[in-house]
Amino acid sequence: MSNNKLILHRIIDNHCTDNSNNIAIEEKDRKVSYGELKVMTDKVASTLSALAIEKGDVVGVFLDSSIEYVAAILGVNKAGAVFMPLEVKYPPARLKDLLQTVAPRYVITDQSHKSYLDSLLADAAVNPRLLLMEDTAAVLASPVFPDNDVELKGEDGNYLIYTSGSTGKPKVIAGMHKSLSHFVHWEVKEFGLNDSVRCCQLAPLSFDVSFRDIFVPLLAGGTLCIPPADVKKDPAQLLAWICEAGITLMHTVPSLFRVFTGILAKAPVKGTLPAYILLAGEALYYRDVVNWRNVAGDSSVLVNLYGPSETTLAKVFHRIGHIEEDSNEIIPLGQAISNTSVLVLQDGQSCRPGAIGEIYIRTPFRSKGYFKDEAQTNERFIQHPGHNEYEDILYKTGDLGKIQKDGLLVFVGREDRQVKIRGNRVELFEIEKHLQRFPGIREVLVMPHTDKNREISLILYYTAATAIPDITLRNHLQENLPDYMVPAFFLHLETFPLMLNGKIDRRALPRPEALLYQHRVYEPPVDEEERRIEAIWSEVLGLEKVGRDYSFFDLGGHSIAAFKIVSALCREFDTTLSLSDFFEHPKISELALLIKQAVKKEILT
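Mapping to the working numbering: the sequence shown position 509 is 544, numbers consecutive.
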């Protein structure tokens, strides 16, 4: 890539100058042009420059998904610094841990979050200065920051992103300009994107997929569309918004894609579906694609993407063509993007087609590695074991795969204890470490569980003299970990089953269904409404029966399952039910009463 393509914010800056009146970002009733975005970005950069920010300094960004967030990260990069998204919904303990690990000089936030951050940092080991977006807006108007004022190279850092870590602490990955630019340029070119593209911002800001949502449309000169926060909580409303807003490009995870498929199967939506739907983060099955095309036709190009955060967004892609028949087989990951090679090795040697080995990625457009952790970086970014005579750095993914005869890469599994939960990477060791010192617990083991709908959740097995209430363990974990890392099931055992060698016999561990009714009295539905609700819960949760007073959360419920249930209930009873209503009434008996009242009210009005 030529040097002028290595720094994304400079290319976007050119769009701001050349196409200043074009709309760059839409958010609710707000629209900002590229010219207005440049002014906002320059004000952030100017503020940081006045504070003597230095190239490579880290600036945390603690904002909701918004126009201001985009201006903040662009402004940080323009000032030569490195931005680190801080998820506003993360538990305080995890946020504090991240801040103490990275020790940013500044954190950009706004007035609505300032008091929370002040209290969070009151007893923290670090004390970054808080910068308010409201204050940057008061900076004198353009020109406030000269173009190319900071000398930057493609190898310089531009962001920090964090993932689950096996040590009990999050791993922080350091990105660089040329690598993010390489992927974004590839996507724009591969799919012929131009200034007509409208891309929705769906991914959490702490997840690197959000960089695709943000930078791809801005590089193409198109429009980034941010859905309202309340709309994002309801898949039916979200899909309706996507179609009505004229979204042409969507990045999402297969679990949400399946929910959208179910919604379309029940009723058509107004507007048009996205022309391109790019899926990543979880296994995608042939059946998922068949189900989608049965209800949506071939109007959308479906693409499977693969690539760990350490190699910068995606490095493998597969345009999904015609599928002959429905099956539970996994869709291939595909082939490498430009300037990238994918290898499947066993004992340092390339595997023959069809043979299973570990997946390695070779590319100059990777991340810098792990922030301030040279040992971990050297453990994952290794010299090709068969090429000792020259430098040949590979990223060791830990994923197992095989190359088909047609040259496409297929995912087979993991060699370690890492799983993907709703698109988020989770190290099971990290969850276990948070419970190993919990009073009364002797041993703990976290295992993935795949239900009949192919959704993955987590089971926590533990040994203790007496069972500990699920709510106690769940609350403890929610204080320290994001929601997707909190197990769905908590199963108490007196002892773990062991094999002859003394190791835990994981195959002999009881499945959650086996113990579900052990300490609960099953009360069947008492009327027609409750029976209809139970049928929906049973289908979504993969259970034969659900007691009328069982809590959704004690049955392994999670956000995707809640989305599916709420959508199904609204269709079944032809009423309106919000996700917050569901979470406030997480039992069948409570929901039935709520729905009866809602239906009666609608009839009277």
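Just so you know, even glycine gets a beta-carbon here, dropped at the ideal spot from N, CA and C.
Query, Result
"Buried or exposed (CB count within 10 angstroms, at least 16 for buried), A157", "exposed"
"Within 9 Å, strictly: CB atoms of S586 and I298", "no"
"Environment of M534 [buried if 16+ CB atoms lie within 10 Å]", "exposed"
"Three-state secondary structure assigned by DSSP to Q370", "strand"
"Bridge partners - T144, DSSP secondary structure assignment", "L167"
"C-alpha distance - L435 paired with G392, whole-angstrom precision", "6 Å"
"Under the three-state DSSP convention, the category G70 falls into", "helix"
"For I506, the three-state DSSP class (helix, strand or coil)", "helix"
"Where H593 sits in the DSSP three-state scheme", "coil"
"Burial state of T485 (16 or more Cβ within 10 Å)", "exposed"
"E565 versus D269: straight-line alpha-carbon distance, rounded", "23 Å"
"Closest residue to F292 among D92, I282, L314 (Cα-Cα distance)", "L314"
"Contact under 9 Å by Cβ, K124 with L155", "no"
"Alpha-carbon spacing of S81 relative to L284, whole angstroms", "33 Å"
"Heavy atom of the ligand SAH within 8 Å of Y104 beta-carbon", "Questions concerning the ligand SAH fall outside what the structure shown contains, since it holds no ligand whatsoever."
"Residue range of the unbroken alpha helix (DSSP H) whose run includes Q16", "Because the chain in this structure spans residues 36 to 640, residue 16 falls outside the shown range and cannot be described."
"For L133 and F97, believed in contact at Cβ under 8 Å, the rounded distance", "About 11 Å; that fails the 8 Å criterion."
"Distance between beta carbons of V223 and L254, contact taken as under 8 Å", "6 Å"
"Three-state secondary structure (DSSP) of G433", "strand"
"For G404 and V288, believed in contact at Cβ under 8 Å, the rounded distance", "With a Cβ gap of about 26 Å, V288 and G404 do not count as contacting."
"Cα-Cα separation between C605 and Q272, rounded to whole angstroms", "12 Å"
"Sequence-distant residues of the same chain with beta carbon closer than 7 Å to V207, five excluded per side", "T136, V137, L195, Y197, Y405, F406"
"Buried or exposed by the 16-neighbour rule on C-beta atoms within 10 Å, applied to T296", "buried"
"Those residues which DSSP pairs with L444 across a bridge", "G369, I438"
"Rounded separation between F416 and A300 - CA only", "45 Å"
"Cα-Cα separation between Y320 and Q384, rounded to whole angstroms", "29 Å"
"Coil, strand or helix - Y425 by DSSP", "coil"
"Own chain, CB closer than 7 Å to R24, minus 5 neighbours either side, in chain order", "Nothing about residue 24 can be read from this structure; the chain reaches only from 36 to 640."
"Sequence-distant residues of its chain with Cβ nearer than 6 Å to Y311 (five each side left out)", "F226, L284, V336"
"DSSP bridge partner residues for M211 (one or two, in chain order)", "G192"
"Same chain only: Cβ atoms within 6 Å of Y519, ignoring 5 sequence neighbours per side", "I456, R457, N459"
"Helix, strand or coil at L544 according to DSSP, with G and I counted as helix", "coil"
"R387 vs G369 beta-carbon contact at 9 Å", "no"
"Bridge partners - Y320, DSSP secondary structure assignment", "I365"
"Whole beta strand (DSSP E) elements within the stretch 279-361, 3-residue minimum", "284-287, 311-314, 336-341, 351-354"
"Same chain, Cβ closer than 7 Å to A238, neighbours up to 5 away in sequence not counted", "V244, S245, D248, H286"
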